[in-house]
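First comes the structure, then the notes that go with it.
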Amino acid sequence: MKKDNTIISFLNNNETRAIAFQVITLLIIAFVFYSGIDNLIANIEAREIHTGFAFLSNRAGFDINESMIAYTPEHSNLRVFYVGLINTLVVAVVGIVFATIIGLIIGIARLSNNWLISKLAGGYIELFRNIPILIQILFWYNIALITLPSPRGSFNFFDSVFINKRGIYVPEPVSEPGFAWVLIAFVLGIILTVFMRRHFKKKHDETGIHTRTIGYTIGLVLGLPLVVFLLLGSPMHLDYPSLKGFNFQGGKTFSPEFLALTFSLSVYTATYIAEAIRSGIEAVDKGQKEAAAALGLTQAQSLKLVVLPQALRVAIPPTINQYLNLTKNSSLATAIGYPELMAAFGGTVLNQVGQAVEILGMTMAVYLVISLCISLLLNIVNKKMSIKGR
Amino acid sequence: MAVFESQELRKPPISQVGIVHWLRANLFSSKVNVGLTLAALYMLYVTIPPMLNWMIFDANFNFGEFSLFGFEFGEVMATNINCGRSAACWPFIYEKFDMFIYGFYPRDLVWRVDIVFAMAALLFVIARLVRNYQHKSRFFLAMIIGFPIASFFLIAGGVFGLEEVETHQWGGLMLTLIIASVGIIISFPIGVMLALGRQSDLKVINFFSTIYIEFIRAVPLITILFMASFVLPLFFTGGVDFDKLLRALVAITLFQAAYFAEVVRGGLQAIPTGQYEAADAIGLNYVQKNALIILPQALKISIPNLVGSSISLFKDTTLVLIIGLMDMLAMVNMTANDIHWMGRETEGFVFVTMTMWVFLYSMSRYSKKLEVRFSTDHKN
């Protein structure tokens, strides 16, 4: 009788049960993994698919029309991976910059006391937010291909910017020797600005005298490099595109794929950023503005010192999340053939090599790393912005 | 004795009432606002009239002859050639309408899909009318279990003497709706379990749930769809020839489960610890505690976010086009490649965009409404 009790109490013990559940879960997961991978290996052997990463050093054999780094079909598959990765990052950065600008404008316009502006911003948000991003990408790409003229009938702006079916051609700045000094001056200007700001802030803290720093900032960040640039005798020239035969040569080209992709991504993501900014500004209590006014702060001071710091605390985390979403959505370039990571590496190379496990694994790993970096950034921002209690 | 006569009230100045006041207050209150208003009006003038011209005024609505109350209307239906290129050619959509809605589903069997659409509409109407709580729960059970099963048999066929229709013939809006609803219904329970797993004290379960959720949320859906279509078949013996649609459904379900899990976890975290402690104190076990005390409250507060997450899923269904399923978006290129209607992509895109927009906009309005309704409960 007593023995039975110990067994029952043993079986009913929470800790025993916890361990049993975890062991069972572990066994199930191990079994699923084991049988899955077992089948995987058997299937791969049966289909005579190669395994391992040797394919990375093989000749790629296909051309990519847009690459930031030198690339020819003779390069390896690994090179394609790098080309794709860089293109993904380029799309992400350009998209993020434009999405932020559009989002800020729309978010503030949404709160404007001008009825028409506010309604237009609201209409923009409701329209573009509720159309799947893939449709937008395909739609703009299709519109661009249909409406734009052939290279011979290009839209011509001052003989330097040309727009046609193959993309937008703009003059490309080409640096000459000595341009490095301009960049050094630019960096120096930024460093000096930081010190200058610190100095005036200290002065303000000690004496209460406020100095406007905007003029000094512009002078240091823009003026200093400009002076160096002119002193060195303008070490840079512009390479203009020009029509040679059937196509344009020289200058910098932005393909319709790139434009459709970045445009749609910015327009779509901007709706979410606008909402984040609007909710951030609305989250600031009315009393805060009234208190700032009561202290005698000007409208601009109240915005800069009281409202914005509180609004940004609410607005920045969702905005950073949207940056991550934009980066992930850039993989939809597959649908229009812009050679970013998913299209060039996860698409074309996969079709040629057929080693889906390795290739998709590498592609996923890249997005995983990007997302971890952004999460890290988010954590740092959250920590910095959290309300500091005493 | 002075007699005071009330004088007639003076009218308020014209600038303080009516339309003049409204215009001044809302559009022309300051110099900046005057500029903004004029700029906005100019922008509308540049964009709206050409769009309306393309869509309506210059567009071709020649749907062919039809009779109404004995009167004959219209003329011979427009073709691709006499439609012109400068404006929309809606007869194209009119002729291809079935393609956009049903894809390659056999035309003589389309009534089966229509029955499913009608059933869905009926269920929505009933859902709004049923107020009695007990019937409601029974009704919802029928809706999420009975309706999908009935719809599956109706659409797929192969039983009860219904002719079988293979999944590669499914397409159009029908397919979009099928993927979205299967994704939502199946991923929801998985998501709830993952959320509970991530909140669990059991280290192993917690670890695997967290890894799963974070991994899925970090990668784009398209990589998971590719995984499902290239790698998933390899995980089964003999390299089973998986149905393409099934692969997409597996990918979307696994993907959505992670997002639902995060939403539900948000709900779980909002439940005060006292609720857990009270459930423990009255001797409920883990299942009872969660099923009777925690989840009913947690799910209720996560409903608006669950709807929001479902909206994203609905948008994401368009991605199946990339792995070769014939959803509504894929029909745009399919129909514009018809030799009789070459190059009518734009009309197709506009039609699909408008259809998707109507669905998504009404869903997002619904989620906003829910948010307002649910937020009132917790204000004092």
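Respectively, the protein sequence lines represent chains V and U. For the first sequence, the working numbering assigns the number 1 to the initial residue and increments by one for each residue that follows. For the second sequence, the working numbering assigns the number 1 to the initial residue and increments by one for each residue that follows. Yeah, the Cβ is synthetic: ideal placement off N, Cα and C, and Gly gets one too. On a predicted model such as this, the values are computed, not experimentally measured, just so you know.
Query	Result
Opening and closing residue of the beta strand (DSSP E) in which Pro252(V) lies	In the sequence as displayed, the identity of residue 252(V) is Lys instead of Pro. Residues Lys252 to Phe254.
C-alpha gap between Lys379(U) and Tyr276(U), whole angstroms	With a pLDDT of 43 at Lys379(U), under the threshold of 50, the modelled position of that residue is not reliable, and the figure given next carries that caveat. Whole-angstrom Cα-Cα distance: 22 Å.
Collapsed DSSP secondary structure at Leu38(U) in the structure displayed	helix
Cutoff 8 Å: Gly84(V) Cβ touching any chain U Cβ	no
Coarse secondary structure for Tyr272(V), derived from DSSP in three states	helix
Status (buried if at least 16 other CB within 10 Å, exposed otherwise) for Gln256(U)	buried
Separation of Glu95(U) from His340(U), as counted between CA atoms	11 Å
Length of the line joining the Cα atoms of Phe128(V) and Ile273(V)	12 Å
Residue burial classification, Gln299(V) (beta-carbon count within 10 angstroms, cutoff 16)	exposed
Per-residue DSSP class, three states only, for Gln355(V)	coil
Chain U residues whose Cβ lies nearer than 7 Å to that of Gly36(V)	Phe235
Expected contact under 8 Å - CB spacing of Ile155(U) and Arg112(U) to nearest Å	6 Å
Cβ pair count under 8 Å reaching 3, the stretch 193–201 of chain U against the stretch 256–269 of chain U	yes
With 16 other Cβ atoms within 10 Å as the buried cut-off, status of Gly167(V)	buried
Distance between Leu129(U) and Met1(V) (C-alpha atoms, nearest Å)	Note that Met1(V) scores 47 on pLDDT, short of 50, meaning its location in the model is unreliable; the coordinates nonetheless yield the value given after this. The alpha-carbon atoms of Met1(V) and Leu129(U) are separated by roughly 59 Å.
8 Å Cβ cutoff, Leu89(V) in contact with chain U	no
Neighbour flag for Trp115(V) against chain U, beta carbons, 8 Å	yes
Local Cβ density within 10 Å of Tyr141(V), reported as buried at 16 or more and exposed below that	buried
Partner residues on chain V for Pro189(U), Cβ-Cβ distance less than 8 Å	Chain V residues near Pro189(U): none, gap ~17 Å exceeds 8 Å.
Cβ-based contacts, 7 Å cut-off: residues of the stretch 353–366 of chain U near chain V	Thr353, Met356, Trp357, Leu360, Tyr361 and Ser364
Under the three-state DSSP convention, the category Asn380(U) falls into	Because Asn380(U) carries a pLDDT of 37, less than 50, the predicted location of this residue cannot be relied on, and the following value inherits that uncertainty. Asn380(U) falls in the coil class under three-state DSSP.
Beta-carbon proximity list for Asp316(U), same chain, < 6 Å, skipping 5 on both sides	Leu221
For Leu325(U), three-class secondary structure by DSSP	coil
Within 9 Å of chain U by C-beta, residues of the stretch 258–273 of chain V in sequence order	none
Own chain partners of Leu329(U) with C-beta closer than 7 Å, once the 5 adjacent residues on each side are dropped	Thr318, Leu321 and Val352
Listed by chain order, chain V residues near Met227(U) by CB distance under 7 Å	Leu360
Within chain V, partners of Lys244(U) - CB distance below 7 Å	Simply none; closest approach about 15 Å.
Counterpart residues of Cys89(U) in DSSP-defined beta bridges	Asn60(U)
Listed by chain order, chain V residues near Val204(U) by CB distance under 9 Å	Phe21, Gln22, Val23, Thr25, Leu26 and Ile29
Boundaries (first-last residue) of the beta strand (DSSP E) holding Ile336(V)	Note, Ile336(V): premise wrong, no beta strand (DSSP E); not H, not E.
Short CB-CB distance (under 8 Å) between Val307(V) and chain U	no
DSSP-derived helix/strand/coil call for His21(U)	helix
Buried versus exposed, by CB contacts within 10 Å (16 or more), Gly189(V)	buried
Residue closest to Leu36(U), alpha-carbon to alpha-carbon, out of Leu111(V), Leu116(V), Ser242(V) and Ile336(V)	Leu116(V)
As assigned by DSSP and simplified to three states, the class of His237(V)	strand
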